[in-house]
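Presented below is the structure to which this report refers.
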Amino acid sequence: MDTIFQLLLSELQQSTRVKKQNCRDVAERLATEVMEICTGSDRIIASGEMETWATLLAQHRLQQCLRYYKLGSCQGRVQLNNTLGGLVSVYFTIWLRHLSEQAQLTRLEDFLQGFYMEALNTFRQEAHLSKTYHPQTLLELAEYMSFTERYAKRRIPLFNELLGNISPQDISSLETPMPDFWIFNHPEFAEYHQRRQILIVLRAQTFLREET
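According to this note's numbering, the residues represented by the sequence shown are 1201 to 1412, in order.
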């Protein structure tokens, strides 16, 4: 792990303008994640090339993080929002077509805000951080945004699969209109439904804000 850590630390120090301790913290978290993935993969273990795989994965994680760092706080969150929105917007358009375009966008924004909350909580858990942790520097924000993009590709397909199993006929046959955020009645997304009122406020107060 020390080799991977040193590789990440060196690259972060060369490519960013943050304090060394901040680089060390991020490098340590990335290195820990990489090693947990590699040591938990039977395929990688069986290959006998643990170090090679760890190096490749570390470089991939590093480039993802640096991409958001170079975009900056504002453009980075725009890019992330566009990426996540693109993963689910087509489904919102189809299944919420009875609503106006603005109402569909509102539902999409609510969904994304809930997803950002879930991603942050998951990031805290997987990175072994406190329950109150929030990114404080641009590098930490970039680390979080790159994690959120990866997490979305793990989680959002479940959302798409759920929608794909519900036919338009099922929806049109309902005797009453579908409630706001009906999708979150499904157990897979129950946590979002419970946060509905909170999300209304958070839409205007996303923690992905400009650093002050």
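C-beta atoms are modelled at their ideal positions from N, C-alpha and C, and glycine is treated no differently.
It should be emphasised that the depicted structure is a prediction, and the values quoted were computed from it without experimental measurement.
Put simply, of Q1302, F1347 and L1339 the residue whose alpha carbon is nearest the alpha carbon of L1209 is L1339. Closest by C-alpha distance to F1315, out of Y1344, Q1264, H1328 and Y1268, is Y1344. The criterion of a C-beta distance shorter than 7 Å is satisfied by T1283 and E1349. In the DSSP annotation of this structure, the continuous segment of the alpha helix (DSSP H) that includes L1308 starts and ends at E1301 to E1326.
In the structure shown, T1252 adopts helical secondary structure according to DSSP, grouped into three states. Sequence-distant partners of A1319 (beyond 5 residues in either direction) whose C-beta falls short of 6 Å from its own C-beta, in its chain, are T1348 and Y1351. DSSP places Q1336 in no alpha helix (DSSP H); its state is neither H nor E. Annotated three-state conformation of T1332 is coil, per DSSP. Spatial neighbours of Y1268 in its own chain (CB-CB distance under 7 Å, excluding positions within 5 residues in sequence) are listed in chain order as G1276, A1342, M1345 and S1346. With 16 or more neighbouring CB atoms inside 10 Å of its own CB, I1204 falls in the buried class. One alpha carbon belongs to H1298, the other to R1354, and they sit about 29 Å apart. If you look at S1215, you'll find it in the alpha helix (DSSP H) that goes D1202 to S1215.
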